[in-house]
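S.K.: Okay, here's the structure, questions in a sec.
In my numbering, the protein residues as written are 1 to 145.
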């Protein structure tokens, strides 16, 4: 997904929720509030990371640290996570490249997680390990079928 596609998709998602269009992604996402909002929309959640509205760099970094703990580690079980230099770059609000990469990862992660939910039982059996065991009553598991 190209940067222009990420921008367009994010703005379409926000428009569906009557949120304003994002024009300067790096700056507008720098405090983490829009990232949290996008996460909540994509995952149909109501995660509140208790983000500060302060414009100080240290406070914005703390916001990204809270997002990292609440969303990346707790909710997404480390499917991706943020390191300190990345959090600093995001908080500074000057790198479109950094925020667009993070948004791309969030969107791709949400699609792969929801894609797993739509598999029917037959597909799951094809990709899952089937465990069989011999017991005094006979074979149980996949071989018993």
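Note that CB positions come from ideal geometry on N, CA and C, so glycine has one too.
Hey, quick one: how far does the alpha helix (DSSP H) through residue 50 stretch, first residue to last?
M.R.: On the chain shown, position 50 is the one that residue 50 refers to. Counting along the chain, residue 50 falls outside any alpha helix (DSSP H), and DSSP gives it neither H nor E.
S.K.: Does the Cβ-Cβ distance between residue 35 and residue 67 come in under 8 Å?
M.R.: Counting from one through the chain shown, the residue named residue 35 turns up at place 35. Counting from one through the chain shown, the residue named residue 67 turns up at place 67. A contact, by the Cβ cut-off of 8 Å.
S.K.: Counting beta carbon pairs with one atom in the stretch 100-107 and one in the stretch 29-43, are three or more of them shorter than 8 Å?
M.R.: Counting Cβ pairs under 8 Å, three or more are found: they touch.
S.K.: Distance check for residue 5 and residue 94, CA to CA, integer angstroms please.
M.R.: Sequence index remark: in the chain shown, residue 94 carries index 94 (1-based). Sequence index remark: in the chain shown, residue 5 carries index 5 (1-based). Those two C-alpha atoms are separated by around 20 Å.
S.K.: Does the distance from the C-beta atom of residue 91 to that of residue 52 stay below 8 Å?
M.R.: Here residue 91 refers to the residue found at position 91 when the chain shown is read from its first residue. Here residue 52 refers to the residue found at position 52 when the chain shown is read from its first residue. Not a contact, by the Cβ cut-off of 8 Å.
S.K.: Nearest by alpha-carbon distance to residue 19: which of 1, 32, 38 is it?
M.R.: Taking the first residue of the chain shown as position 1, residue 19 is located at position 19. Of the listed residues, the one whose Cα sits closest to residue 19 is 38.
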